[in-house]
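Just below is one structure, and these are the notes that go with it.
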Amino acid sequence: MVIYDYQKTRGGEHPQIFLSGFKGYLHVDGYAGYHKVPAVTLVGCWAHARRKYDEALKAAPPAARGNKDSVASQGLAYCNALFAIERELKDASPEERYAERKKRSLPILGAYSV
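Per our numbering, the sequence shown runs over residues 16 to 129.
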């Protein structure tokens with residue numbers, strides 16, 4: 016389910032009020048206001064994570080950019096692998112995507128978290 020709640024300001028009270036009573040996972044950007052919402056587990060965005068790895072590689076000294084063992088290179092590779100799976104599944108049904116994510120993405124996520 017996707018829900019958007021537009022507010023004129025970015026005050027931290029808005030997500031608290033809108034999400035009052037919600038319990039579960041909340042997929043959000045890095046906005047600090049979400050940290051004040053009780054009973055939720057914040058889930059980050061892989062696009063944001065990938066961007067940070069890419070920025071880290073671009074900021075590294077030229078000699079270090081080709082180091083495939085660096086944290087940034089490995090993180091970018093994991094993200095790219097996950098994104099490739101998602102591209103392949105773009106026309107799949109929700110049930111097929113779920114099954115393929117369990118089969119193909121979970122092992123990547125397991126290796127990523129080690």
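Backbone N, C-alpha and C define an ideal beta-carbon position, used for all residues, glycine too. Predicted model, so just to flag it, every value in this text is computed and none were measured.
Is DSSP giving residue i helix, strand or coil here?
{"i": "Val86", "result": "helix"}
{"i": "Gly125", "result": "helix"}
{"i": "Leu91", "result": "helix"}
{"i": "Gly26", "result": "coil"}
{"i": "Ala107", "result": "coil"}
{"i": "Ser120", "result": "helix"}
{"i": "Arg80", "result": "coil"}
{"i": "Ile32", "result": "helix"}
{"i": "Gly45", "result": "coil"}
Leaving aside the five residues before and after residue i along the sequence, list all residues of the same chain whose C-beta is less than 7 Å from its C-beta, in chain order.
{"i": "Ile123", "result": "Tyr93, Ala96 and Leu97"}
{"i": "Asp69", "result": "Leu91"}
{"i": "Arg80", "result": "Leu72"}
Which same chain residues end up closer than 8 Å to residue i when comparing Cβ atoms and leaving out the 5 residues on each side of it in sequence?
{"i": "Val58", "result": "Tyr40, Leu41, His42 and Val43"}
{"i": "Ala126", "result": "Tyr93"}
For residue i, report the span of its alpha helix (DSSP H) as first-last.
{"i": "Leu72", "result": "Trp61 to Ala74"}
Skipping 5 residues on each side, what residues in its chain have a beta carbon closer than 6 Å to that of residue i?
{"i": "Gly27", "result": "Gly48 and Lys51"}
{"i": "Ala54", "result": "Lys38"}
{"i": "Gln31", "result": "Lys51 and Val52"}
How far does the beta strand (DSSP E) with residue i in it reach, from first residue to last?
{"i": "Tyr40", "result": "Gly39 to His42"}
{"i": "Val55", "result": "Val55 to Val58"}
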